[in-house]
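Student: I have a structure I would like to understand better, so I am pasting it below and will then ask my questions one at a time.
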Amino acid sequence: MPQAVVSARALSKRFAAKDVLHEISVDVEAGDIVGVLGKNGAGKTTLLELLLGFSIPTSGSAEIFGEPSADLSAAAKKRIAFVPQQDELIDLLTGAQQLSLTAAFYEHWDRALIERLSAAWEIPLGRRIQTLSVGERQKLSLLLALGAHPELLVLDEPVASLDPIARRQFITEIVARARGTQRTVLFSSHIVSDLERAANKVWIIKDGRLAWAGDLDALKESVVRLHIHGRRALPGDLRVPDALASRVEGSRATVAAAHWTSERAAAVAARLDADVEVESLALEDIFLELHR
Amino acid sequence: MFILNPQSGTPIYRQLLEQVRRLVASGRLAPGDELPSVRELAVEHAVNPMTISKAYALLEAEGLLERNRGKPMTVAAQPRSHAALRERLRRLDREAEQLVLAAKQLELAKSDVLDLIDKKWGDEHAASGRQRTGAQ
């Protein structure tokens, strides 16, 4: 099995006796584009910071490229780029100055990419950073991260301040830079539709725990909404396996369920003497059903 | 060439599978036709390349597509077997159902509807032949 680019084992973090993250075990494989989804305060930022070694876990361990996250070698750090939610740009510099400052840290800085993207994304590189809009600052931060072609790109809410056009340009760039197993991305986002495009894997964090970690395609095939039309009044407890949420009204019911298979549909239909219609769900609906 | 909707409950690779199967069954994709590369499709639709390559790999395993070293994937030669015929017919199922339903609502005779299909098909001879049979 290939070595995981990022891996966490039973990673927990407590702040003031509150479990922010509880025993998270996950792997990011080379070439994965992983989207991290969760409500506000679910622990997404904390998880990214623990994985990157910016913060020390209460218990458990995290590794990047096989090295402990809290003690990464300089060589490993050069293979990683991180864009935090709050940018770390230097206000008094111009965009161009900031770019050359960052470029100096990296051996392989892609000037052509920077020129192409700063034009396409309309970033005014000649202006002082303190005069840039929030969206322009975010674009500049993303540019700084992409310029070094990092093997591991970690982004915390990378598109929160971008308009739909800029968001699409960014997603296209993330997709276009994928090269087999060489470019791994881990990003958190509230914008489910972006995540749905770019990610092949999804982590859904709920109350500090992983509600799902795996293939986006498999998640969509696993979680469904059942529309049950009974021939008589349905029981209050439908006993649908792996039900997430259900609503029964007389002879009709809707139930969201995980780990769905067609055999299960047949079994439920037979047991309840009902017609069962299976609705597949988009990621946003799956997310909502997981939070009912 | 394809309509891919990431905000659908159907995974992108399944959408692509279905569309390629349909295009091949209908002949709109013919043996030897080239498909866009994984990267081209991923960038054009701004979707993850892995879901595209998964669809291509499954279509290759089905024998619908052929992988060519260093070149785009192409549509493989299709055996015109009974199974393929059944499959093509199956794709008309819903339209046929709708046509029959509409015909019954209009209280039309089956022979009149079949004549109409013959005319639409450009096969007047078969239509008049059936009329004679019907008149006997």
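So the protein sequences, as listed, match chains A and B. Terminal number for the first sequence in our numbering: 277, no gaps in between. Terminal number for the second sequence in our numbering: 346, no gaps in between. Here a beta-carbon is modelled for each residue, glycine too, at the ideal position from N, C-alpha and C. Just so we're clear, the structure is a prediction, and the values are computed from it rather than from any experiment.
In chain order, what residues of the same chain lie with their CB nearer than 6 Å to the CB of His212(A), ignoring the 5 residues before and after it?
Tutor: As a working note, residue 212(A) is residue 227 in the first sequence. Cβ neighbours of His212(A) beyond the five flanking positions: Thr239, Glu262.
Student: Going by beta carbon distance, what residues of the same chain come within less than 7 Å of Arg122(A), once the five residues before and after it are set aside?
Tutor: For the purposes of this step, residue 122(A) is taken as the residue at position 137 of the first sequence. Exclusion of the five residues before and after Arg122(A) leaves Asp72, Leu74, Ile114 as the residues of its chain whose Cβ lies within less than 7 Å of its Cβ.
Student: Quick check: what's the CA-CA separation for Arg152(A) versus Arg(-1)(A)?
Tutor: Within the first sequence, residue 152(A) is the residue found at index 167, counting from 1. Within the first sequence, residue -1(A) is the residue found at index 14, counting from 1. The straight-line gap from Cα to Cα measures roughly 34 Å.
Student: Could you run through the segment 148 to 178 of chain A and flag, in chain order, every residue whose CB is less than 7 Å away from some CB of chain B?
Tutor: Those residues of the segment 148 to 178 of chain A that come within reach of chain B (Cβ to Cβ, closer than 7 Å) are Arg153, Ile156, Thr157, Val160, Ala161, Ala163, Ser178.
Student: Does Glu34(A) pass the burial test, meaning 16 or more other C-beta atoms within 10 Å, or should it be called exposed?
Tutor: Locating residue 34(A) in the first sequence gives position 49, counting from the first residue. The residue in question, Glu34(A), is buried, as its Cβ has 16 or more Cβ neighbours within 10 Å.
Student: Could you check whether Trp188(A) and Ser203(A) sit closer than 8 Å to each other, using their CB atoms as the reference points?
Tutor: Working through the first sequence from its first residue, we reach residue 203(A) at position 218. Working through the first sequence from its first residue, we reach residue 188(A) at position 203. At residue 203(A) the sequence reads Ala, which differs from the Ser that was named. Against a cut-off of 8 Å, the Cβ pair of Trp188(A) and Ala203(A) comes out as no contact.
Student: Taking only beta carbons into account, state which residues of the segment 235 to 267 of chain A come closer than 8 Å to chain B, listed in chain order.
Tutor: Glu264, Ser265, Leu266, Ala267
Student: Taking 8 Å as the threshold (C-beta atoms), are Lys205(A) and Ala27(A) in contact?
Tutor: Here residue 27(A) refers to the residue found at position 42 of the first sequence. Here residue 205(A) refers to the residue found at position 220 of the first sequence. No Cβ-Cβ contact shorter than 8 Å links Ala27(A) with Lys205(A).
Student: Mind checking whether Pro241(B) and Ala286(B) have CB atoms under 8 Å apart?
Tutor: Taking the first residue of the second sequence as position 1, residue 241(B) is located at position 31. Taking the first residue of the second sequence as position 1, residue 286(B) is located at position 76. Yes, these two residues count as a Cβ contact at 8 Å.
Student: Report all residues from its chain with a CB closer than 6 Å to the CB of Asp12(A); omit the five preceding and five following residues, and keep chain order.
Tutor: As a first step, residue 12(A) must be located in the first sequence, where it is residue number 27. For Asp12(A), where only same-chain residues beyond five positions count, the Cβ hits under 6 Å are Ala(-11), Ser(-8).
Student: Using a C-beta cutoff of 8 Å, does Gln308(B) count as contacting chain A?
Tutor: Walking along the second sequence from the start, residue 308(B) turns up at place 98. So, not an interface residue.
Student: Compare the C-beta of Val257(B) against all C-beta atoms of chain A and say whether one is closer than 8 Å.
Tutor: Taking the first residue of the second sequence as position 1, residue 257(B) is located at position 47. Cβ-Cβ to chain A under 8 Å: yes for Val257(B).
Student: Can you pull the DSSP bridge partners for Asn278(B)?
Tutor: Within the second sequence, numbered from 1, the residue matching residue 278(B) stands at position 68. DSSP, once it has assigned bridges, lists Lys281(B) as partnering Asn278(B).
Student: In terms of DSSP beta bridges, what is Ile316(A) paired with?
Tutor: Residue 316(A) is absent from the structure shown; chain A starts at -14 and stops at 277.
Student: Got a sec? Which residues, its chain only, sit under 6 Å from Gln225(B) by beta carbon, not counting five neighbours each side?
Tutor: Mapped onto the second sequence, residue 225(B) falls at position 15. Only Leu214 meet the Cβ criterion.
Student: Secondary structure at Thr157(A), three-state DSSP: helix, strand or coil?
Tutor: One-based indexing of the first sequence puts residue 157(A) at position 172. Three-state result, Thr157(A): helix.
Student: Leu326(B) to Arg301(B), Cα distance in whole Å?
Tutor: Position 116 of the second sequence holds residue 326(B). Position 91 of the second sequence holds residue 301(B). Taking the straight line from one Cα to the other gives about 21 Å.
Student: Restricting to Cα atoms, I'd like to know which of Leu275(A), Pro109(A), Arg217(A) is closest to Ala242(A).
Tutor: Reading the first sequence from its first residue, position 257 is the one you call residue 242(A). Closest option to Ala242(A), Cα to Cα, is Leu275(A).
Student: Looking at Gly80(A) and Ile99(A), is the spacing between their C-beta atoms short of 8 Å?
Tutor: For the purposes of this step, residue 99(A) is identified with residue 114 of the first sequence, where counting begins at 1. For the purposes of this step, residue 80(A) is identified with residue 95 of the first sequence, where counting begins at 1. It is not a contact, given that the beta carbons lie outside the stated cut-off.
Student: Kindly say whether Ala252(B), judged by its beta-carbon, lies nearer than 8 Å to any beta-carbon of chain A.
Tutor: Indexing the second sequence from 1 puts residue 252(B) at position 42. At least one C-beta of chain A is nearer than 8 Å to the C-beta of Ala252(B).
Student: So, for Arg168(A): in the same chain, excluding its five sequence neighbours on each side, which residues have a beta-carbon less than 6 Å away from its beta-carbon?
Tutor: Taking the first sequence and counting its residues from 1, one reaches residue 168(A) at position 183. For Arg168(A), where only same-chain residues beyond five positions count, the Cβ hits under 6 Å are Arg162.
Student: From Leu311(B) to Ala319(B), what distance separates their C-alpha atoms?
Tutor: Sequence index remark: in the second sequence, residue 311(B) carries index 101 (1-based). Sequence index remark: in the second sequence, residue 319(B) carries index 109 (1-based). Cα to Cα, the separation comes out at about 12 Å.
Student: Using a Cβ cut-off of 9 Å, pull out every chain B residue sitting near Lys124(A), in sequence order please.
Tutor: Looking up residue 124(A) in the first sequence gives position 139. Under the 9 Å cutoff, chain B gives no residues; its nearest Cβ is about 17 Å from Lys124(A).
Student: Name, in chain order, the residues that DSSP records as bridge partners for Gly193(A).
Tutor: One-based indexing of the first sequence puts residue 193(A) at position 208. DSSP output for Gly193(A) lists no bridge partner at all.
Student: Does chain B have any CB closer than 8 Å to the CB of Lys205(A)?
Tutor: For this step, residue 205(A) is matched to residue 220 along the first sequence. It does: the Cβ of Lys205(A) has a partner Cβ on chain B nearer than 8 Å.
Student: Could you pull the DSSP bridge partners for Ile213(A) from this structure?
Tutor: The sequence position of residue 213(A) within the first sequence is 228, counting from 1. Ala238(A), Val261(A), per the DSSP bridge assignment.
Student: Using the Cα positions of Arg277(B) and Met211(B), report the straight-line distance between them to the nearest angstrom.
Tutor: In the second sequence, the residue the question calls residue 277(B) occupies position 67. In the second sequence, the residue the question calls residue 211(B) occupies position 1. Between Arg277(B) and Met211(B), the alpha-carbon positions lie close to 19 Å from each other.
Student: Closer than 8 Å by C-beta to Arg249(B): which residues in its own chain qualify, once you throw out the five before and the five after it? Chain order, please.
Tutor: As a first step, residue 249(B) is located in the second sequence; it is residue number 39 there, counting from the start. Result list for Arg249(B): Pro259, in chain order.
Student: Mind listing which residues of the segment 257 to 288 of chain B have their C-beta closer than 8 Å to chain A's C-betas, in chain order?
Tutor: Val257, Asn258, Pro259, Met260, Thr261, Lys264
Student: Within 10 angstroms of its Cβ, does Pro149(A) collect 16 or more other Cβ (buried), or is it exposed?
Tutor: By one-based count along the first sequence, residue 149(A) stands at place 164. Exposed.
Student: Compute the distance between the beta-carbons of Leu6(A) and Val21(A), then report whether it is under 8 Å.
Tutor: Here residue 6(A) refers to the residue found at position 21 of the first sequence. Here residue 21(A) refers to the residue found at position 36 of the first sequence. Not a contact, by the Cβ cut-off of 8 Å.
Student: Evaluate Trp331(B) with the Cβ neighbour count: other Cβ atoms within 10 Å of its Cβ, from every protein chain shown; 16 or more gives buried, anything less gives exposed.
Tutor: Stepping through the second sequence from its first residue, residue 331(B) is reached at position 121. The residue is exposed, with fewer than 16 neighbouring Cβ atoms inside 10 Å.
Student: With a threshold of 8 Å between beta-carbons, can Arg182(A) be considered close to chain B, or not?
Tutor: Residue mapping note: residue 182(A) aligns to position 197 of the first sequence, counting from 1. Judged by the 8 Å Cβ criterion, Arg182(A) is in contact with chain B.
Student: Against chain B, which members of the segment 1 to 18 of chain A pass a CB distance test of less than 7 Å?
Tutor: Residues Ile18.
Student: Note the first and the last residue of the continuous beta strand (DSSP E) segment covering Ala(-7)(A).
Tutor: On the first sequence, residue -7(A) is found 8 positions in, with the first residue counted as 1. Per DSSP, Ala(-7)(A) belongs to the beta strand (DSSP E) from -9 to 0.
Student: Could you work out which residues of chain D lie near Gln229(B), taking near to mean beta carbons separated by less than 9 Å?
Tutor: You won't find chain D in this structure, because its protein chains are A and B.
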